[in-house]
Amino acid sequence: MDAPTAATLSKEAKALMSKDPEGSLHLATEAMRLAELAGDIESLSEALFVMGVCNHRMGKSTEAISCFTKRMELVRQIGDPAKIAAAHNNLGNVLCSISDYGNAIEHFFVALKFFEEAADEQHITSTKINLGIAFQNLNRLEEALQMYEDALAYALKTNDRLLEADSYQNMGVVLNQQQKFEEAHAANKKAYELSVELDEKFKQVEILNNIGANEEARGMYPAAQATFEKCLILCKEQCLSVYELRCMLNLGSVQLKVSNYDKSEKFLKEALQLAEVKNDKHAIRVACEHLSELYENQGKLREAFDYFKRYVEIKNEVLNLQNLQQLGQLQMRYNMDKKAREAEINRLRHVELKLAFENLQKEKKKSEELLLNILPEEVAEELKENGHAKARLFENVTVLFTDFVNFTRISERLSPEELVGELHACFSAFDEIINRYGIEKIKTVGDAYLAVSGLPLSNPDHANDMMNAAFEIRDFIQQRRIIKGDKTFDLRIGINSGSVVAGIVGTRKFAYDVWGDTVNVAARMEQNGQAGKVNISEATYQLVNPFFNCYYRGEIAAKNKGEMKMYFVEKT
Numbered sequence: 160m161d162a163p164t165a166a167t168l169s170k171e172a173k174a175l176m177s178k179d180p181e182g183s184l185h186l187a188t189e190a191m192r193l194a195e196l197a198g199d200i201e202s203l204s205e206a207l208f209v210m211g212v213c214n215h216r217m218g219k220s221t222e223a224i225s226c227f228t229k230r231m232e233l234v235r236q237i238g239d240p241a242k243i244a245a246a247h248n249n250l251g252n253v254l255c256s257i258s259d260y261g262n263a264i265e266h267f268f269v270a271l272k273f274f275e276e277a278a279d280e281q282h283i284t285s286t287k288i289n290l291g292i293a294f295q296n297l298n299r300l301e302e303a304l305q306m307y308e309d310a311l312a313y314a315l316k317t318n319d320r321l322l323e324a325d326s327y328q329n330m331g332v333v334l335n336q337q338q339k340f341e342e343a344h345a346a347n348k349k350a351y352e353l354s355v356e357l358d359e360k361f362k363q364v365e366i367l368n369n370i371g372a373n374e375e376a377r378g379m380y381p382a383a384q385a386t387f388e389k390c391l392i393l394c395k396e397q398c399l400s401v402y403e404l405r406c407m408l409n410l411g412s413v414q415l416k417v418s419n420y421d422k423s424e425k426f427l428k429e430a431l432q433l434a435e436v437k438n439d440k441h442a443i444r445v446a447c448e449h450l451s452e453l454y455e456n457q458g459k460l461r462e463a464f465d466y467f468k469r470y471v472e473i474k475n476e477v478l479n480l481q482n483l484q485q486l487g488q489l490q491m492r493y494n495m496d497k498k499a500r501e502a503e504i505n506r507l508r509h510v511e512l513k514l515a516f517e518n519l520q521k522e523k524k525k526s527e528e529l530l531l532n533i534l535p536e537e538v539a540e541e542l543k544e545n546g547h548a549k550a551r552l553f554e555n556v557t558v559l560f561t562d563f564v565n566f567t568r569i570s571e572r573l574s575p576e577e578l579v580g581e582l583h584a585c586f587s588a589f590d591e592i593i594n595r596y597g598i599e600k601i602k603t604v605g606d607a608y609l610a611v612s613g614l615p616l617s618n619p620d621h622a623n624d625m626m627n628a629a630f631e632i633r634d635f636i637q638q639r640r641i642i643k644g645d646k647t648f649d650l651r652i653g654i655n656s657g658s659v660v661a662g663i664v665g666t667r668k669f670a671y672d673v674w675g676d677t678v679n680v681a682a683r684m685e686q687n688g689q690a691g692k693v694n695i696s697e698a699t700y701q702l703v704n705p706f707f708n709c710y711y712r713g714e715i716a717a718k719n720k721g722e723m724k725m726y727f728v729e730k731t
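Residue numbers (this note's numbering): 160 to 731.
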């Protein structure tokens with residue numbers, strides 16, 4: 160029998176990509192070795208493609224980027240526009256997996272432009288799916304759904320069953336996020352039927368998880384349990400440990416919701432054990448959060464507190480690690496940008512000089528986008544130029560302070576575990592509410608909560624947005640009082656509008672903070688308010704009076720401020 164060639168091994172490896180990524184990677188690596196020995200650029204390009212896909216599917220993003228970048232260089236040498244477009248698509252996919260969605264979208268649109276010019280309907284379909292995924296992760300759900308619907312139309316036109324399944328699957332996820340549960344269920348069901356027809360085991364696992372999540376969101380807990388159990392069996396058969404872990408967490412969550420604590424504890428502890436083996440911080444955090452809630456429901460407060468404490472530690476560890484990684488990458492890219500440009504200009508000539516300069520510009524753009532994910536644009540620019548950033552004045556913002564009434568007295572009636580748990584529940588709800596209105600949380604100090612509307616991006620509706628958020632916070636606490644009685648707090652809310660100074664605090668872990676008399680007056684509004692009321696200043700009254708019912712309280716003495724006009728506010 161003749162020895163296999165690089166071309167033959169590449170073809171065999173490509174056929175195995177979906178069903179056996181590890182086996183496919185092994186064949187492709189051997190194909191690459193043979194192609195390099197033979198100087199076969201075409202086969203080397205195909206081998207690198209397969210290796211990139213397999214590494215991506217196995218979660219090895221760095222290796223995948225390396226493979227696809229090398230392939231991009233080869234296909235440019237070959238001069239094949241179709242393969243160059245495909246390489247942009249591949250790189251976009253991997254960039255999505257590491258949350259670099261902005262650059263991913265750029266690569267996808269470059270690829271899509273070529274595919275549309277070439278009337279390549281299959282690749283138009285897959286690229287629109289990729290764009291949908293990127294938009295979805297940026298929470299641009301309507302744009303994502305439009306891309307998936309366009310992709311579905313192309314898939315039906317070309318009778319591409321696999322891309323049809325992909326389109327339905329992704330539509331189901333977005334529709335679920337939009338809480339269009341019936342439509343999401345129909346899309347998930349169609350995707351699953353197609354995945355079974357195509358014998359795509361990996362896809363079946365993904366879709367079963369989506370179906371279970373949909374059923375859980377609709378309160379169909381027995382159905383969700385059955386779906387997740389079916390998914391878990393399939394995961395074990397296919398040795399998909401990542402999804403096995405996800406299934407166990409889902410099963411633990413469903414059992415917790417129906418108060419089946421023994422089964423919930425079993426699944427969550429098995430999930431926690433597997434997550435620790437895999438060092439999956441996200442899964443550890445989720446498992447600890449659920450276990451804390453489980454033990455709290457059972458009255459096992461020591462166990463609940465221990466798991467909650469670990470949940471907080473893991474959450475902070477993940478956030479700190481992400482910040483350090485981002486800042487480390489930023490510093491490295493920025494330094495490389497300055498040094499590499501000088502070195503490349505001295506080394507390259509003519510066409511190579513132009514190409515190198517363009518590549519450096521792209522790297523600089525990436526580093527700048529990374530910094531903008533951490534700090535406001537003006538602060539980021541100043542930090543890059545000077546190594547530090549000055550504070551910035553914001554002329555028109557609205558500041559909110561909240562404070563729990565009789566916090567010390569109530570805290571004496573609660574155990575430490577109950578107190579920490581109640582603060583966490585309340586502040587988590589506040590975070591969710593202000594996030595919906597685009598308001599910036601500044602910090603919590605003890606039982607006080609500080610947030611500002613109108614920065615770091617200006618907002619002409621800053622006062623109205625803050626009022627609506629304040630009412631939701633007030634209503635949340637009132638409902639919680641009905642449910643928990645003297646196990647929770649009453650709340651005072653104070654609001655003031657004006658100008659503040661905002662900037663970076665600290666040198667190791669950047670923190671954004673605000674200062675100024677506007678902040679001090681907001682604190683006085685809270686201190687001179689009443690439980691269950693929203694107390695505002697004259698400055699805020701002038702902005703919101705046309706839109707809300709405002710009741711003048713008169714001039715009230717405020718600490719270090721003298722007599723100040725104050726108003727209680729209610730929704731119209």
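We put the beta carbon where it would ideally sit given N, CA and C, even for glycine.
Residue range Gly721 to Glu729 is occupied by the beta strand (DSSP E) that includes Lys724. With 16 or more other CB atoms across the displayed protein chains lying within 10 angstroms of its CB, Ser412 is buried. Taking the C-beta atoms as reference points, Val253 is found nearer than 8 Å to Ala223. Between the stretch 579-592 and the stretch 636-650, the count of Cβ pairs shorter than 8 Å is three or higher; the stretches touch. Here the stretch 605-623 lies against the stretch 560-567, with 3 or more beta-carbon pairs under 8 Å apart. Put simply, of Glu280, Leu304 and Gly331 the residue whose alpha carbon is nearest the alpha carbon of Leu315 is Glu280. Nearest C-alpha to Glu388 among Ala350, Ala372 and Ala376: Ala372.
By the Cβ rule, the stretch 380-394 does not count as touching the stretch 335-351, because fewer than three pairs are nearer than 8 Å. Counting the other CB atoms within 10 Å of its CB gives Tyr596 a total of 16 or more, which places it among the buried residues. In terms of Cα proximity to Ala190, the closest of Asn655, Thr647, Gly653 and Ala165 is Ala165. In this structure, the beta-carbon distance from Asn214 to Gly251 does not fall below 8 Å.
Boundaries cannot be given for Ala278, as no beta strand (DSSP E) includes it and DSSP labels it neither H nor E. Straight-line measurement puts the Cα of Leu271 at about 42 Å from the Cα of Met625. If only complete runs of 3 or more residues are kept, the stretch 678-705 shows the beta strand (DSSP E) at 693-696, in order along the chain.
In the three-state reduction of the DSSP assignment, Gly458 falls in the coil class. Distances from the CA of Tyr313 to each of Lys474, Glu472, Thr286 and Val604 were compared; the closest alpha carbon is that of Thr286.
Per the C-alpha coordinates, the member of Gln397, Gln236, Leu297 and His266 positioned closest to Ser177 is Gln397. Apart from the 5 residues on each side of it in sequence, Val564 sits with its Cβ closer than 8 Å to the Cβ of Phe648, Asp649, Leu650, Arg651 and Ala690 in its chain, given in chain order.
Unbroken alpha helix (DSSP H) stretches of 4 residues or longer found wholly inside the stretch 394-418: 400-416, given in chain order. Going by C-alpha positions, Ser202 is about 28 Å away from Ile257. Assignment of Lys474 by DSSP, reduced to helix, strand and coil, places it in the helix class. Residue environment: Lys549 is assigned as exposed (fewer than 16 neighbouring CB atoms within 10 Å of its CB, all protein chains considered). Proximity of the stretch 413-432 to the stretch 446-459 meets the contact definition, three or more beta-carbon pairs being nearer than 8 Å.
Beta-bridge analysis with DSSP links Ser656 to Thr557. Rounded to the nearest angstrom, the gap between the Cα atoms of Arg683 and Ser570 is 23 Å. When Ile283, Glu276 and Leu431 are compared, the shortest CA-CA separation from Phe267 is found for Ile283.
Asn335 is positioned such that its CB atom lies no closer than 8 Å to that of Tyr307.
Boundaries of the alpha helix (DSSP H) harbouring Leu367: Lys360 to Ala376, taken from the DSSP string. A straight-line Cα-Cα distance of about 25 Å links Asn262 and Asn594. Annotation: the continuous alpha helix (DSSP H) that includes Gly331 extends over Arg320 to Gln336. Secondary-structure assignment with DSSP links Asp676 through no beta bridge to anything. In this structure, the straight-line span from the alpha carbon of Asp645 to that of Glu323 is close to 55 Å.
The Cβ-Cβ distance between Leu427 and Cys406 does not fall below 8 Å. For Ser612, the three-state secondary structure derived from DSSP is strand. Secondary structure remark: continuous beta strand (DSSP E) runs of at least 3 residues inside the stretch 212-286: none found. Among the bridge pairs identified by DSSP, Gly713 is matched with Met725.
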